[in-house]
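For the sequence shown, full-length UniProt numbering begins at 1 and goes up steadily by one. The structure appears below as C-alpha coordinates.
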Amino acid sequence: MTQDDITRKAPLAHPGYDMDESIGYLVARVRQLLLNQLTQETSKFGLTSTQATMLYKVASGKCNNAADLAREYCIDASAVTRLLDRLEKQGLLIRERSLTDRRTVNLRATDEGRAMTARLPSIFLDTADHLMRGISDDEIGMLKSLLRRIIVNGESG
1 MTQDDITRKA
11 PLAHPGYDMD
21 ESIGYLVARV
31 RQLLLNQLTQ
41 ETSKFGLTST
51 QATMLYKVAS
61 GKCNNAADLA
71 REYCIDASAV
81 TRLLDRLEKQ
91 GLLIRERSLT
101 DRRTVNLRAT
111 DEGRAMTARL
121 PSIFLDTADH
131 LMRGISDDEI
141 GMLKSLLRRI
151 IVNGESG
(Lines of atoms letter the chains of each structure in order from A and count residues from 1; the text may use other names and numbers.)
(Lines give C-alpha, C1' and ligand atoms only; values in the text may rest on other atoms or scores of the structure.)
Protein backbone atom coordinates (compact mmCIF):
# COMPACT_ATOMS: atom_id res chain seq x y z
CA MET A 1 0.00 0.00 0.00
CA THR A 2 1.41 3.39 -1.01
CA GLN A 3 1.28 6.62 1.01
CA ASP A 4 -1.34 7.92 -1.46
CA ASP A 5 -3.54 4.88 -0.73
CA ILE A 6 -3.21 5.46 3.00
CA THR A 7 -4.02 9.16 2.62
CA ARG A 8 -7.10 8.41 0.51
CA LYS A 9 -8.41 5.90 3.07
CA ALA A 10 -7.61 7.99 6.14
CA PRO A 11 -10.73 8.97 8.06
CA LEU A 12 -11.65 12.63 8.23
CA ALA A 13 -10.55 14.31 11.43
CA HIS A 14 -14.11 15.57 11.94
CA PRO A 15 -16.71 13.19 10.47
CA GLY A 16 -19.72 15.08 9.20
CA TYR A 17 -17.79 18.32 8.70
CA ASP A 18 -18.62 19.92 5.37
CA MET A 19 -16.13 22.64 4.49
CA ASP A 20 -18.48 23.97 1.81
CA GLU A 21 -20.89 24.91 4.60
CA SER A 22 -18.30 26.56 6.86
CA ILE A 23 -18.55 30.29 7.56
CA GLY A 24 -14.92 30.80 6.58
CA TYR A 25 -15.35 29.12 3.21
CA LEU A 26 -18.63 30.91 2.46
CA VAL A 27 -17.22 34.34 3.37
CA ALA A 28 -14.07 33.67 1.33
CA ARG A 29 -16.16 32.51 -1.64
CA VAL A 30 -18.38 35.61 -1.53
CA ARG A 31 -15.28 37.80 -1.23
CA GLN A 32 -13.72 36.15 -4.28
CA LEU A 33 -16.91 36.54 -6.33
CA LEU A 34 -17.14 40.19 -5.31
CA LEU A 35 -13.50 40.90 -6.16
CA ASN A 36 -13.71 39.08 -9.49
CA GLN A 37 -16.79 41.01 -10.54
CA LEU A 38 -15.32 44.32 -9.34
CA THR A 39 -12.11 43.63 -11.24
CA GLN A 40 -14.10 42.97 -14.42
CA GLU A 41 -15.51 46.48 -14.11
CA THR A 42 -12.46 48.33 -12.78
CA SER A 43 -10.14 46.72 -15.35
CA LYS A 44 -11.86 48.92 -17.93
CA PHE A 45 -10.00 51.77 -16.20
CA GLY A 46 -6.73 49.87 -15.78
CA LEU A 47 -7.32 49.01 -12.12
CA THR A 48 -7.74 45.84 -10.10
CA SER A 49 -10.52 45.76 -7.53
CA THR A 50 -7.96 46.15 -4.74
CA GLN A 51 -6.32 49.15 -6.42
CA ALA A 52 -9.74 50.73 -6.95
CA THR A 53 -10.85 50.25 -3.36
CA MET A 54 -7.51 51.47 -2.00
CA LEU A 55 -7.67 54.55 -4.19
CA TYR A 56 -11.18 55.18 -2.89
CA LYS A 57 -10.01 54.80 0.74
CA VAL A 58 -7.22 57.32 0.13
CA ALA A 59 -9.35 59.81 -1.82
CA SER A 60 -12.11 59.68 0.80
CA GLY A 61 -9.62 60.30 3.62
CA LYS A 62 -10.31 56.98 5.35
CA CYS A 63 -6.69 55.83 4.88
CA ASN A 64 -3.89 58.37 4.77
CA ASN A 65 -0.77 56.22 4.55
CA ALA A 66 0.46 52.75 3.64
CA ALA A 67 0.25 51.53 7.24
CA ASP A 68 -3.46 52.45 7.36
CA LEU A 69 -4.06 50.47 4.17
CA ALA A 70 -2.06 47.47 5.40
CA ARG A 71 -4.17 47.36 8.57
CA GLU A 72 -7.44 47.88 6.70
CA TYR A 73 -6.72 45.16 4.14
CA CYS A 74 -4.88 42.79 6.49
CA ILE A 75 -1.93 42.55 4.12
CA ASP A 76 1.76 43.22 4.60
CA ALA A 77 3.36 46.58 3.92
CA SER A 78 5.34 45.32 0.92
CA ALA A 79 2.13 44.26 -0.86
CA VAL A 80 0.62 47.68 -0.17
CA THR A 81 3.77 49.35 -1.50
CA ARG A 82 3.50 47.42 -4.78
CA LEU A 83 -0.16 48.40 -5.16
CA LEU A 84 0.62 52.04 -4.39
CA ASP A 85 3.53 52.00 -6.85
CA ARG A 86 1.09 51.06 -9.62
CA LEU A 87 -1.41 53.73 -8.62
CA GLU A 88 1.34 56.33 -8.47
CA LYS A 89 2.70 55.23 -11.86
CA GLN A 90 -0.80 55.71 -13.32
CA GLY A 91 -0.86 59.23 -11.91
CA LEU A 92 -3.77 58.50 -9.56
CA LEU A 93 -2.04 59.22 -6.28
CA ILE A 94 1.09 60.77 -4.88
CA ARG A 95 3.17 60.15 -1.80
CA GLU A 96 4.16 63.15 0.32
CA ARG A 97 6.50 63.09 3.28
CA SER A 98 4.78 64.37 6.41
CA LEU A 99 5.91 67.80 7.53
CA THR A 100 5.39 66.87 11.19
CA ASP A 101 6.89 63.36 11.15
CA ARG A 102 9.56 62.65 8.53
CA ARG A 103 9.08 58.90 9.04
CA THR A 104 5.50 59.10 7.73
CA VAL A 105 4.61 59.25 4.07
CA ASN A 106 1.10 60.52 3.46
CA LEU A 107 -0.97 59.52 0.45
CA ARG A 108 -3.07 61.89 -1.59
CA ALA A 109 -5.22 61.30 -4.66
CA THR A 110 -4.29 63.44 -7.65
CA ASP A 111 -6.91 65.33 -9.65
CA GLU A 112 -7.00 62.34 -12.02
CA GLY A 113 -7.31 60.01 -9.02
CA ARG A 114 -10.24 62.00 -7.62
CA ALA A 115 -11.91 61.92 -11.04
CA MET A 116 -11.46 58.14 -11.11
CA THR A 117 -12.76 57.88 -7.56
CA ALA A 118 -15.95 59.69 -8.58
CA ARG A 119 -16.70 56.78 -10.96
CA LEU A 120 -16.18 54.07 -8.37
CA PRO A 121 -19.31 54.25 -6.17
CA SER A 122 -21.58 53.31 -9.06
CA ILE A 123 -19.32 50.35 -9.87
CA PHE A 124 -19.29 49.25 -6.22
CA LEU A 125 -23.07 49.62 -5.92
CA ASP A 126 -23.83 47.84 -9.21
CA THR A 127 -21.62 44.94 -8.18
CA ALA A 128 -23.27 44.65 -4.78
CA ASP A 129 -26.73 44.89 -6.35
CA HIS A 130 -25.86 42.07 -8.74
CA LEU A 131 -24.66 39.81 -5.95
CA MET A 132 -27.58 40.71 -3.66
CA ARG A 133 -30.35 39.96 -6.18
CA GLY A 134 -33.32 38.37 -4.47
CA ILE A 135 -32.21 39.44 -0.98
CA SER A 136 -34.46 41.91 0.85
CA ASP A 137 -33.26 45.21 2.32
CA ASP A 138 -33.93 43.80 5.79
CA GLU A 139 -31.83 40.72 5.06
CA ILE A 140 -29.02 42.89 3.69
CA GLY A 141 -29.18 45.02 6.83
CA MET A 142 -28.98 41.90 9.00
CA LEU A 143 -26.04 40.56 6.97
CA LYS A 144 -24.16 43.85 7.36
CA SER A 145 -24.86 43.89 11.09
CA LEU A 146 -23.58 40.34 11.51
CA LEU A 147 -20.47 41.01 9.44
CA ARG A 148 -19.69 44.13 11.51
CA ARG A 149 -19.99 42.05 14.70
CA ILE A 150 -17.62 39.45 13.25
CA ILE A 151 -15.14 42.20 12.38
CA VAL A 152 -15.31 43.60 15.92
CA ASN A 153 -14.75 40.11 17.34
CA GLY A 154 -11.77 39.58 15.04
CA GLU A 155 -10.21 42.95 15.81
CA SER A 156 -10.61 42.52 19.58
CA GLY A 157 -8.33 39.49 19.60
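Where a beta carbon is used, it is the ideal one built from N, C-alpha and C, also for glycine. Bear in mind the structure is a predicted one, so any value in this text is a computation, not a measurement.
Exercise for the section: Check Asn-106 in the structure and name its three-state DSSP category. Expected result: Note: Asn-106 maps to strand in three-state DSSP.
Problem - Closest Cα partner of Arg-86 within the set Ala-59, Leu-55, Tyr-17, Asn-65 - result: Leu-55
Exercise for the section: Please classify Ile-75: does DSSP put it in a helix, a strand, or coil? Expected result: coil
Problem - Presumed contact (8 Å Cβ cut-off) between Gly-113 and Leu-92, rounded CB distance - result: That belief holds up - the Cβ atoms of Gly-113 and Leu-92 are roughly 4 Å apart, short of 8 Å.
Problem - Where Arg-133 sits in the DSSP three-state scheme - result: Look at Arg-133 here: in three-state DSSP terms it is coil, with no helix or strand label.
Handout entry: Of the residues Lys-44, Asp-18, Ser-78, Thr-48, the one placed nearest Gln-32, counting alpha carbons only
Key = Thr-48
Exercise for the section: Keeping to the same chain, check which residues put their C-beta closer than 8 Å to that of residue 162; ignore five residues upstream and five downstream. Expected result: This structure cannot settle anything about residue 162, because the visible part of the chain is limited to 1 through 157.
Exercise for the section: Look up Asn-65 in the DSSP assignment and give the residues it is bridged to. Expected result: Asn-106
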